[in-house]
Every structure is written in structure tokens, then in C-alpha cells.
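Trainee: Start counting the sequence shown at 0; every next residue gets the next number (numbering that gives the first Met the number 0).
Cβ atoms here follow ideal geometry from the backbone N, Cα and C, with glycine treated the same way.
Small disclaimer: the values here were computed from a predicted structure and weren't measured.
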Amino acid sequence: MLVDLHCHSTLSDGVLTPLELVALATRNQVAMLAITDHDFACEKPEAELLARQCGVQLIAGIELSCLWMGMGVHLVGLNLDYQSGALRQMVAHQSQARAERAHSIADKLAKLKIEGSYAGAQRLAQGGQIGRPHFAQYLVEAGYVKDVKAAFKRYLGAGKAGDVKCHWPDMEQGINWIKAAGGHAVLAHPAKYKLSRRKLGLMCRDFKEMGGTGLELVSGLQTKEITQYHARLCSELELYASCGSDFHGPATAWQDLGKCSPMPSGVTPIWSLWQSSFVKDMVSSADQRQADE
Ligand code: AMP
Ligand code: MN
Ligand code: MN
Ligand code: MN
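#1: Helix, strand or coil: how does DSSP classify HIS166 here?
#2: For GLY71, report the span of its beta strand (DSSP E) as first-last.
#3: Relative to the alpha-carbon of GLU99, which residue among GLY173, LYS112, TRP167, LYS43 has its alpha-carbon at the smallest distance?
#4: Do ALA150 and ALA135 have their C-beta atoms closer together than 7 angstroms?
#5: Between MET89 and ALA180, how many whole angstroms is the CB-CB distance? I'm expecting something under 8 angstroms.
#6: Tell me which residues pass a beta-carbon proximity test against ligand 4: closer than 5 angstroms to any heavy atom, given in chain order.
#7: Mind the definition here: the stretch 118-135 touches the stretch 68-79 only if three or more C-beta pairs lie below 8 angstroms; say whether that holds.
#8: Which of helix, strand or coil does DSSP assign to GLY213?
#9: So which of SER271, GLU208, ASP162, SER241 has the shortest CA-CA distance to GLU171?
#10: Secondary structure at LEU220, three-state DSSP: helix, strand or coil?
#11: Take LYS178 and list the residues in its own chain whose beta-carbon comes closer than 7 angstroms to its own, dropping the five residues that flank it on each side.
#12: Give the DSSP bridge partners of MET0, in chain order.
#13: Secondary structure at GLY84, three-state DSSP: helix, strand or coil?
#14: Under a Cβ-count criterion, where at least 16 other Cβ atoms within 10 Å of its own Cβ denotes burial, should GLN52 be classed as buried or exposed?
#15: Can you tell me the Cα-Cα spacing of VAL55 and ALA30, whole angstroms?
#16: Give every residue whose Cβ lies closer than 6 angstroms to any heavy atom of ligand 1, listed in chain order.
#17: Is it a yes or a no for the stretch 34-42 touching the stretch 135-147, going by three-plus beta-carbon pairs under 8 angstroms?
#18: Going by DSSP, what residues sit across from GLU99 in a beta bridge?
#19: Give me, in chain order, the residues of the same chain whose beta-carbon lies closer than 6 angstroms to that of GLY119; leave out the 5 immediate sequence neighbours on both sides.
#20: If I follow the unbroken alpha helix (DSSP H) through LEU32, where does it start and stop?
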């Protein structure tokens with residue numbers, strides 16, 4: 000049974016609508032899906048209806064941009080209550096931070112003689128949360144760079160002009176918002192921060208002490224060594240394990256919805272928190288397999 004608890008729709012920087020994501024989840028036999036747009040979450044009635052019809056369990060999610068020791072980190076919030084005031088407050092805060100940052104990015108780019116990037120990025124965001132990928136697409140479209148990768152390398156990536164400091168909340172604030180919205184906070188893609196093991200350990204410890212619940216032990220396809228290391232962190236810190244593809248669109252063959260390295264044994268999946276009967280089934284079928292062997 001495939002579980003994917005991290006992907007993006009057109010509500011942020013993804014290519015597919017929530018409805019199209021659910022249709023793809025069905026085709027890819029993903030049984031449980033969380034759509035986790037950057038700093039945005041709302042009811043998705045059409046997608047929820049299709050999910051019910053197709054037997055996909057849709058989990059309400061978000062990917063929240065935060066800071067830890069001044070460094071950008073992402074928290075995945077899962078099983079949120081869309082109606083909660085805390086969720087509205089968090090989305091309103093983050094939307095404003097993104098809008099302000101977009102203007103700053105455009106100002107920085109204008110100093111480099113790149114004109115019209117705010118309007119361009121806003122058009123490309125199509126009403127969804129505006130982010131650096133939309134600026135990257137604009138830079139490609141306007142002929143400043145040959146592709147999105149080059150746009151990040153030259154203008155938007157770490158330390159470049161468009162990497163503007165943003166008023167993201169501290170990790171603790173992010174965790175508190177997610178919990179106040181009825182959800183569970185998961186530290187997203189731990190390998191992506193390119194931290195030393197010591198520093199990643201510190202980050203995970205802080206995250207746990209601040210009330211974090213889970214670690215995204217598997218993010219897309221990754222090596223067994225990374226999986227084993229993250230599994231150790233989960234066990235040591237008593238964190239639940241999550242997994243997700245971080246799928247943004249069907250552009251690359253090695254990334255697809257539901258396509259993740261396998262979860263290791265000996266960790267507790269985060270979905271056991273809302274799916275105890277499901278986990279009992281998994282455990283009993285695993286026991287059965289062992290008994291059969
Ligand atoms: P933002 O949340 O606006 O800061 O944008 C971050 C997003 O940009 C990530 O979630 C990725 O989707 C995308 N991104 C970050 N770095 C790169 C890169 N080097 N190449 C392509 N996309 C990237
Ligand atoms: Mn993204
Ligand atoms: Mn992320
Ligand atoms: Mn993501």
C-alpha cells in the first residue's frame with residue numbers, strides 16, 4: 000500500500016490541480032495522500048469527492064516555511080482542521096510574508112536590470128502562493144536563463160540576489176500553529192538542508208523539544224544509508240516516521256506521485272496517529288507473512 004504525505008498542487012508551485020493529483024494518485028495506486036502546498040491549505044471539495052469515490056484517503060496538509068537558527072526549514076503539517084482559526088491565522092501570516100518577499104525579490108532583480116518580474120511571477124502563480132519557482136519560470140520565459148535550474152543557480156538560490164530574507168516564523172511558532180490547527184508537525188526532507196550529522200541531530204532534538212511529532216524519514220528516492228540514519232534519529236528521539244515524494248509535476252521520470260524509497264522496519268508510521276485500525280491490519284499482515292515464512 001502506497002502512502003504519499005508530501006506533494007504540491009497549483010495552489011502553490013505544483014503543476015497539477017488538487018483534482019488532477021487525486022486522479023494521478025488513483026492511477027499510481029496511492030492509498031493515502033496529503034497535498035501539502037507551501038504555506039497554504041484550504042478545503043478541496045472536488046478533490047475530496049473524487050478521493051472518496053476512488054478510495055484514496057486524503058489527509059489535510061500544508062508545508063510551512065520556518066526558520067531554525069536563522070536557516071530556512073520546512074515543516075509538513077498533517078491532518079489539520081481546515082476550519083480552525085489557527086490555520087487561517089497561519090495561512091494569512093505566510094501569505095503576507097510571501098507577498099512582501101515577492102516584491103523584495105522583484106526589487107533585487109530590477110537592480111540587475113530584470114524588469115517586470117513581480118507581474119510575471121504573479122501571473123505564473125495563477126492565484127496560488129507565489130514563490131521563487133514562479134520567478135524562475137519568468138526568468139526562463141523572458142530569456143534571462145535557459146532553464147529553472149539555471150535561474151536558481153544564478154539568481155534565486157542560496158546567497159543569490161533573489162534569496163531574500165523573509166519573515167518566516169521560528170520553527171517553534173510553526174509547530175505551535177500546526178498543533179493549534181489540530182495537526183501533527185513533521186520535519187520535512189531532513190537530507191535537503193545539507194547539514195552535518197551533528198547539526199541535523201541538534202535540529203531534530205530542538206524540533207522534538209518544541210513539540211514536533213514526526214520526521215520525514217523518506218523523501219522521494221534516497222539511499223539506504225540515509226534511510227537508516229533517519230530511522231536511527233526517529234528511534235532515538237521517539238519521532239513518528241513520515242514519507243512523501245515532494246512531487247511538483249510530471250516533468251521528471253524519477254519523480255512521481257507515490258514514488259518513494261521503502262520505509263524501514265522498526266519505526267512507527269505517523270499515520271498510526273489517525274489510522275490505528277489500519278496499522279493493526281499492517282502489523283497483523285506482517286505477522287502473518289512472518290508466520291508463513
Ligand atoms: P520558496 O518556497 O518560494 O522559497 O521556493 C522554494 C521552492 O523552489 C522549493 O519548494 C522547490 O520547489 C523550488 N526549488 C528550490 N531550489 C530549486 C532548484 N535549485 N531548482 C529548481 N527548483 C528549486
Ligand atoms: Mn516547491
Ligand atoms: Mn520543502
Ligand atoms: Mn515540498
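Mentor: Answer, in terms of the structure:
#1: As a working note, residue 166 is residue 167 in the sequence shown. Of the three classes helix, strand and coil, the one that applies to HIS166 here is coil, per DSSP.
#2: By 1-based counting over the sequence shown, the position of residue 71 is 72. Its beta strand (DSSP E) spans residues 70-77.
#3: On the sequence shown, position 100 is the one that residue 99 refers to. When only C-alpha atoms are compared, the closest one is TRP167.
#4: Locating residue 150 in the sequence shown gives position 151, where the first residue counts as 1. Locating residue 135 in the sequence shown gives position 136, where the first residue counts as 1. Yes, the pair counts as a contact, with Cβ atoms nearer than the cut-off.
#5: On the sequence shown, position 90 is the one that residue 89 refers to. On the sequence shown, position 181 is the one that residue 180 refers to. That pair is a contact at about 7 angstroms.
#6: GLU62, ASP245
#7: no
#8: On the sequence shown, residue 213 is found 214 positions in, with the first residue counted as 1. Residue state, collapsed to three classes: strand.
#9: On the sequence shown, position 172 is the one that residue 171 refers to. For the residues SER271, GLU208, ASP162, SER241, the minimum Cα distance to GLU171 belongs to GLU208.
#10: Against the sequence shown, residue 220 aligns to sequence position 221. If DSSP states are grouped into helix, strand and coil, LEU220 belongs with coil.
#11: As a working note, residue 178 is residue 179 in the sequence shown. The answer, listed in chain order, is ALA184, GLY210.
#12: On the sequence shown, residue 0 is found 1 positions in, with the first residue counted as 1. For MET0, which the question treats as bridged, DSSP gives no partner whatsoever.
#13: The residue given as residue 84 occupies position 85 in the sequence shown. Helix, per DSSP.
#14: For the purposes of this step, residue 52 is taken as the residue at position 53 of the sequence shown. Exposed: under 16 other Cβ atoms inside 10 Å.
#15: Here residue 55 is taken as the residue at index 56 of the sequence shown, counted from 1. Here residue 30 is taken as the residue at index 31 of the sequence shown, counted from 1. Whole-angstrom Cα-Cα distance: 5 angstroms.
#16: Cβ-based neighbours of ligand 1 within the cut-off: ASP12, HIS37, SER64, GLY130, ARG131, PRO132, VAL147, LYS148, PHE151, GLY156, HIS247.
#17: no
#18: To locate residue 99, count along the sequence shown from 1; it is residue 100. None, per the DSSP bridge assignment.
#19: Numbered from 1 along the sequence shown, position 120 holds the residue referred to as residue 119. Taken in chain order, the residues that qualify are TYR137.
#20: Walking along the sequence shown from the start, residue 32 turns up at place 33. From DSSP, LEU32 is part of no alpha helix (DSSP H) but of the beta strand (DSSP E) over 29-34.
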